[in-house]
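Heads up, the sequence shown is in our numbering, so the first residue is 1 and it goes up one at a time. Worksheet for the structure shown next.
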Amino acid sequence: MNARKKFDEELQALSDSLIEMGRTANTAIDRAITALLTGNRELAKQVVDEDELMDDMERSIEQACWRLLLKQQPVAGDLRKISTASKMVSDIERIGDAAADIAEISLYLTTPMFPEIQNDLIAMAAAAQDMATSAIRAYVEEDLELAKLTQEKDDIVDDYFLTIRAVLGEKIRTDAKLMDAALDYVMIIKYLERVGDHAENICEWVEFYKTGKRKNYSI
Numbered sequence: 001m002n003a004r005k006k007f008d009e010e011l012q013a014l015s016d017s018l019i020e021m022g023r024t025a026n027t028a029i030d031r032a033i034t035a036l037l038t039g040n041r042e043l044a045k046q047v048v049d050e051d052e053l054m055d056d057m058e059r060s061i062e063q064a065c066w067r068l069l070l071k072q073q074p075v076a077g078d079l080r081k082i083s084t085a086s087k088m089v090s091d092i093e094r095i096g097d098a099a100a101d102i103a104e105i106s107l108y109l110t111t112p113m114f115p116e117i118q119n120d121l122i123a124m125a126a127a128a129q130d131m132a133t134s135a136i137r138a139y140v141e142e143d144l145e146l147a148k149l150t151q152e153k154d155d156i157v158d159d160y161f162l163t164i165r166a167v168l169g170e171k172i173r174t175d176a177k178l179m180d181a182a183l184d185y186v187m188i189i190k191y192l193e194r195v196g197d198h199a200e201n202i203c204e205w206v207e208f209y210k211t212g213k214r215k216n217y218s219i
């Protein structure tokens, strides 16, 4: 096997690892929201405990990036792809962190879900997960248009955040005893908003990979 073919296979393995890590992060978000909605403490604890797996995957992918960079002198396209992967992995890991944070909050909640926000919270989580999935697919498929469309969806996540926050704010204004519970849910939707932000970051790195430009950063 010639060196270039082996290098290309290792690049593909890197992409496969990113897909798997992204899938793991999205599954963690799904489980965290399910635990929140159902009060399943065992599931919530599982999400928290498995956050270490995301850390291990991040380290493994970072090491793979360094091995590829050191193995030979990559051409510009290769360099951008590897650099993109090394930046993306941090955002994917933080999506996993957001899931663990949501699960941890659900472990200590003593107030049931406010029924007024349940449907919007579920929709917000789905929108954030969709963004994360699409962002990683944009990288794998080298699809700049998909990256741009995914970034535009961040407005949807942000709108849900503002809507839910307004409802929770009104709850606090009408009944101060609900403040602690409402603030817990504000933190939960803030973590979901960050999932969308990290997906948007991934899309910006896809743009860098395809064009060599990314908001005041270029190579």
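Cβ coordinates follow ideal geometry from the N, Cα and C atoms, glycine included. Source: prediction; values computed, not measured.
Please tell me whether L146 and K210 are closer than 8 Å, where the distance is taken between their beta carbons.
Reading the sequence shown from its first residue, position 146 is the one you call residue 146. Reading the sequence shown from its first residue, position 210 is the one you call residue 210. No, the Cβ-Cβ distance between L146 and K210 is not below 8 Å.
Taking C-alpha atoms, which residue in M54, L70 and I105 lies nearest to N26?
Taking the sequence shown and counting its residues from 1, the one referred to as residue 26 is at position 26. That would be M54, whose Cα lies nearest to the Cα of N26.
Taking its Cβ as the centre, do 16 or more other Cβ atoms sit within 10 Å of N119, making it buried, or is it exposed?
On the sequence shown, residue 119 is found 119 positions in, with the first residue counted as 1. Exposed, by the Cβ-count rule.
Quick check: what's the CA-CA separation for D155 versus A128?
The count along the sequence shown starts at 1 and reaches residue 155 at position 155. The count along the sequence shown starts at 1 and reaches residue 128 at position 128. When only Cα atoms are considered, D155 and A128 end up about 10 Å apart.
State buried or exposed for E152, treating a residue as buried only when at least 16 other CB atoms are found within 10 Å of its CB.
The count along the sequence shown starts at 1 and reaches residue 152 at position 152. Answer is exposed; the Cβ neighbour count stays below 16.
On the three-state DSSP scale, how would you describe K213?
Position 213 of the sequence shown, counting from 1, holds the residue named residue 213. Judged by DSSP in its simplified three-state form, K213 adopts strand.
Counted within 10 angstroms of its Cβ, other Cβ atoms place Y108 as buried (16 or more) or exposed
Within the sequence shown, the letter at position 108 stands for residue 108. Per the 10 Å Cβ criterion, exposed.
Which listed residue (L37, A28 and I102) has its alpha carbon closest to that of P112:
Stepping through the sequence shown from its first residue, residue 112 is reached at position 112. Closest in C-alpha terms to P112, from the list L37, A28 and I102, comes L37.
Looking at E50 and A28, is the spacing between their C-beta atoms short of 8 Å?
Here residue 28 is taken as the residue at index 28 of the sequence shown, counted from 1. Here residue 50 is taken as the residue at index 50 of the sequence shown, counted from 1. Yes, they are a contact pair.
Restricting to Cα atoms, I'd like to know which of K6, K5, V157 and L14 is closest to I136.
Residue mapping note: residue 136 aligns to position 136 of the sequence shown, counting from 1. Residue L14 is the option with its Cα nearest to I136.
Cα-Cα separation between A99 and K213, rounded to whole angstroms
Residue 99 sits at position 99 when you count from the first residue of the sequence shown. Residue 213 sits at position 213 when you count from the first residue of the sequence shown. For A99 and K213, the distance between alpha carbons rounds to 31 Å.
Out of curiosity, what's the CA-to-CA distance linking R41 and N2?
By one-based count along the sequence shown, residue 41 stands at place 41. By one-based count along the sequence shown, residue 2 stands at place 2. Their Cα atoms are separated by approximately 52 Å.
Touch check for the region 6-21 and the region 56-76: three-plus C-beta pairs under 8 Å?
yes
Cβ of I189 within 8 Å of Cβ of I164?
Taking the sequence shown and counting its residues from 1, the one referred to as residue 189 is at position 189. Taking the sequence shown and counting its residues from 1, the one referred to as residue 164 is at position 164. Yes, the pair counts as a contact, with Cβ atoms nearer than the cut-off.
Over the uninterrupted alpha helix (DSSP H) stretch that includes K177, give me the two end residues.
In the sequence shown, counting from the first residue as 1, residue 177 sits at position 177. Here K177 belongs to no alpha helix (DSSP H), and DSSP marks it neither H nor E.
Measure the alpha-carbon distance for C65 versus T174 and round it to whole angstroms.
Locating residue 65 in the sequence shown gives position 65, counting from the first residue. Locating residue 174 in the sequence shown gives position 174, counting from the first residue. Counting only the Cα atoms, T174 lies some 53 Å from C65.
Please state whether DSSP places F208 in a helix, a strand or coil.
Locating residue 208 in the sequence shown gives position 208, counting from the first residue. Taken through DSSP and simplified to helix, strand or coil, F208 comes out as helix.
Under three-state DSSP, which class holds N26?
For the purposes of this step, residue 26 is taken as the residue at position 26 of the sequence shown. Residue state, collapsed to three classes: helix.
Are there three or more Cβ pairs, one per stretch, closer than 8 Å when the region 82-93 is compared with the region 192-204?
yes
With 16 other CB atoms within 10 Å as the buried threshold, where does E141 fall?
What you label residue 141 is simply residue 141 of the sequence shown in a count that begins at 1. Answer is exposed; the Cβ neighbour count stays below 16.
Quick check on the burial criterion: 16 or more other C-beta atoms within 10 angstroms. Buried or exposed for E116?
Position 116 of the sequence shown, counting from 1, holds the residue named residue 116. So E116 counts as exposed.
Measuring only the C-alpha atoms, how far is R31 from E20?
Mapped onto the sequence shown, residue 31 falls at position 31. Mapped onto the sequence shown, residue 20 falls at position 20. So the two alpha carbons sit approximately 16 Å from each other.
Roughly how many angstroms lie between the CA atoms of L158 and M187, to the nearest whole one?
Against the sequence shown, residue 158 aligns to sequence position 158. Against the sequence shown, residue 187 aligns to sequence position 187. The sequence shown places Asp at residue 158, rather than the Leu named in the question. Taking the straight line joining both Cα atoms gives about 14 Å.
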